[in-house]
Each structure stands twice: as C-alpha cells, then as structure tokens.
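In UniProt numbering, the protein residues as written are 1 to 178.
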Amino acid sequence: MDYLITKWKIWYNSLDVNHDGTISMEDVEESRQKFTSLHHLAADQGKKVEKNFEEWWNKYIFRGKTGNISQDEFVDALKKQFSADKAKFVNEMTECFNTFFDVIDTNKDRSISEDEFLIAFKAYGHENVALDSKFFQAYNPIDGLVPLRKIVESWIQFVTSEDSSITDVVKNAFEAGV
C-alpha cells in the first residue's frame with residue numbers, strides 16, 4: 001500500500017494546477033480555461049469541454065466534496081475505496097481515465113499527438129515542454145501518435161498497481177520533474 005500512497009501523492013500534486021498546495025475549484029477553472037484557450041476551441045466546443053472538465057473533477061477528484069481538498073483527504077479517500085473493494089476501485093479509475101483522455105482527444109481520432117499531450121499538461125500547470133515531450137516520447141509514438149488506450153492504461157496502472165517491479169511510465173515522468 002505504501003507504493004500506491006506514494007503514487008497517489010504524486011497524482012495529487014499533479015492536479016494542483018496553480019501550485020498552491022491544495023486542490024480547489026481554482027485548479028478546475030484554471031485547467032479548463034487554459035485547455036480551451038490553448039486548443040483555440042470554437043465557443044460551443046469550448047463550453048462542452050469546460051463542462052466535461054468540471055464534471056470529471058467533481059466526480060473523480062472532489063468526489064462530492066465541496067471546497068478545498070488536502071493531500072491527506074485525497075489519499076485517505078483513495079485508500080478507503082481501494083481497501084474496501086479493489087476491483088471496484090480499478091473499474092472506477094478505468095472510467096476516470098477513459099473519460100479524462102476522451103476529453104483531451106479533441107479531434108476524437110482515438111490517439112494523442114504530442115501537441116495534444118503538451119496542451120493537456122500545460123493546462124494542468126506542467127509547463128516544462130522538454131520534460132513533457134520526454135514523457136510523451138516514453139510512450140514510443142508511431143508517426144507522432146500514441147493510441148489513446150496505451151496512455152489510459154498507463155494512468156490506470158499508475159493509480160492502481162501495487163507492483164513496484166513494473167515500469168511505471170507516469171510515475172517515472174513525474175519523478176523526473178514533469
């Protein structure tokens with residue numbers, strides 16, 4: 001469980017978009033505004049994406065809670081859910097990342113380009129393009145694209161796998177400074 005807790009803390013920090021030490025609606029607002037702006041989305045598509053972002057945050061991150069979430073609250077909620085029913089937890093995290101990356105895949109081609117990847121990470125406050133590009137390259141893109149499924153599976157592994165002997169692309173990227 002310690003290995004997972006370490007990764008959940010990394011995940012928490014990755015969601016602190018404005019880097020103020022807590023997850024709040026300010027992080028939601030900043031991420032969705034940056035994302036729609038960086039993608040230059042048309043007004044109607046931008047509104048839909050912003051709505052999807054907010055729904056994702058509310059369902060999977062805030063989990064019905066209002067106000068700020070501390071790292072301890074975030075980790076405790078995940079720990080409780082994981083301990084209660086691991087299979088259910090894995091299913092929820094699968095849904096979480098399927099939903100998240102479906103929103104990120106704005107052209108709906110079921111693959112992620114480096115530009116889409118960099119925009120998503122910039123929207124979440126990770127603005128070191130060199131490190132973000134290195135993270136993308138760790139997926140071994142073919143013709144500049146990574147299948148959406150491959151990225152989703154890496155994030156599911158990141159938040160659900162207790163096996164520290166398995167290479168974790170996401171964990172490695174964040175530990176390298178993403």
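Virtual Cβ for every residue (Gly too), placed ideally from N, Cα, C.
Open item on the list: Whole angstroms are fine: how far does the CA of Phe-82 sit from the CA of Asp-88?
Closed with: Taking the first residue of the sequence shown as 1, we reach residue 88 at position 88. Taking the first residue of the sequence shown as 1, we reach residue 82 at position 82. As written in the sequence, residue 88 is Lys, which differs from the Asp given in the question. Cα to Cα, the separation comes out at about 8 angstroms.
TODO: Go ahead and pull the three-state DSSP assignment for Val-49.
DONE: Translated into positions along the sequence shown, residue 49 becomes position 49. If DSSP states are grouped into helix, strand and coil, Val-49 belongs with the helices.
TODO: Given a cut-off of 8 angstroms, decide if Arg-32 and Glu-50 are closer than it, judged by their beta-carbon atoms.
DONE: As a first step, residue 50 must be located in the sequence shown, where it is residue number 50. As a first step, residue 32 must be located in the sequence shown, where it is residue number 32. Taking 8 angstroms as the Cβ cut-off, Glu-50 and Arg-32 qualify as a contacting pair.
Open item on the list: Taking a contact to mean a Cβ-Cβ separation below 8 angstroms, would you say Phe-101 touches Ile-142 in this structure?
Closed with: Looking up residue 101 in the sequence shown gives position 101. Looking up residue 142 in the sequence shown gives position 142. Contact flag unset, no.
- [ ] Note down, in chain order, each residue of its chain lying with its Cβ closer than 8 angstroms to the Cβ of Leu-41, except the 5 sequence neighbours on either side.
- [x] Working through the sequence shown from its first residue, we reach residue 41 at position 41. Within the same chain, Leu-41 has close Cβ partners Val-49, Thr-106.
Task: Cβ distance (whole Å) where Asn-18 is taken to contact Gly-125 below 8 angstroms - done: As a working mapping, residue 18 is identified with position 18 in the sequence shown. As a working mapping, residue 125 is identified with position 125 in the sequence shown. Contact flag correct, Cβ pair sits at about 7 angstroms.
Task: Sequence-distant residues of the same chain with beta carbon closer than 6 angstroms to Ala-173, five excluded per side - done: Within the sequence shown, residue 173 is the residue found at index 173, counting from 1. Shown here for Ala-173: same chain residues with a beta carbon closer than 6 angstroms to its own, the five before and five after excluded, namely Phe-135 in chain order.
TODO: Inspect the beta-carbon positions of Tyr-139 and Val-146 and report whether they are closer than 8 angstroms.
DONE: The residue you call residue 139 lines up with position 139 of the sequence shown. The residue you call residue 146 lines up with position 146 of the sequence shown. Cβ distance < 8 angstroms, so Tyr-139 and Val-146 count as in contact.
Task: Cβ of Ile-10 within 8 angstroms of any chain D Cβ - done: Absent from the structure is chain D; it holds one protein chain and no more.
Open item on the list: Considering just the uninterrupted stretch of the beta strand (DSSP E) at Ser-111, what are its terminal residues?
Closed with: Residue numbering aside, residue 111 sits at position 111 when the sequence shown is read from its first letter. From DSSP, the beta strand (DSSP E) with Ser-111 extends over 111 to 113.
Task: Glu-162 vs Tyr-60 beta-carbon contact at 8 angstroms - done: Residue 162 sits at position 162 when you count from the first residue of the sequence shown. Residue 60 sits at position 60 when you count from the first residue of the sequence shown. Their beta carbons are not under 8 angstroms apart, which means Glu-162 does not touch Tyr-60 by this criterion.
- [ ] Just grab the DSSP bridge partners of Ile-69 for me.
- [x] Taking the sequence shown and counting its residues from 1, one reaches residue 69 at position 69. Ile-23, per the DSSP bridge assignment.
Task: Under the three-state DSSP convention, the category Leu-145 falls into - done: Residue 145 sits at position 145 when you count from the first residue of the sequence shown. Residue state, collapsed to three classes: strand.
Open item on the list: For a quick check, are the C-beta atoms of Val-178 and Asp-115 less than 8 angstroms apart?
Closed with: Position 178 of the sequence shown, counted from the start, is the residue given in the question as residue 178. Position 115 of the sequence shown, counted from the start, is the residue given in the question as residue 115. Result no, Cβ atoms of Val-178 and Asp-115 do not sit closer than 8 angstroms.
Open item on the list: Measuring only the C-alpha atoms, how far is Ile-5 from Ser-24?
Closed with: Working through the sequence shown from its first residue, we reach residue 5 at position 5. Working through the sequence shown from its first residue, we reach residue 24 at position 24. In a straight line, the C-alpha of Ile-5 is about 21 angstroms away from that of Ser-24.
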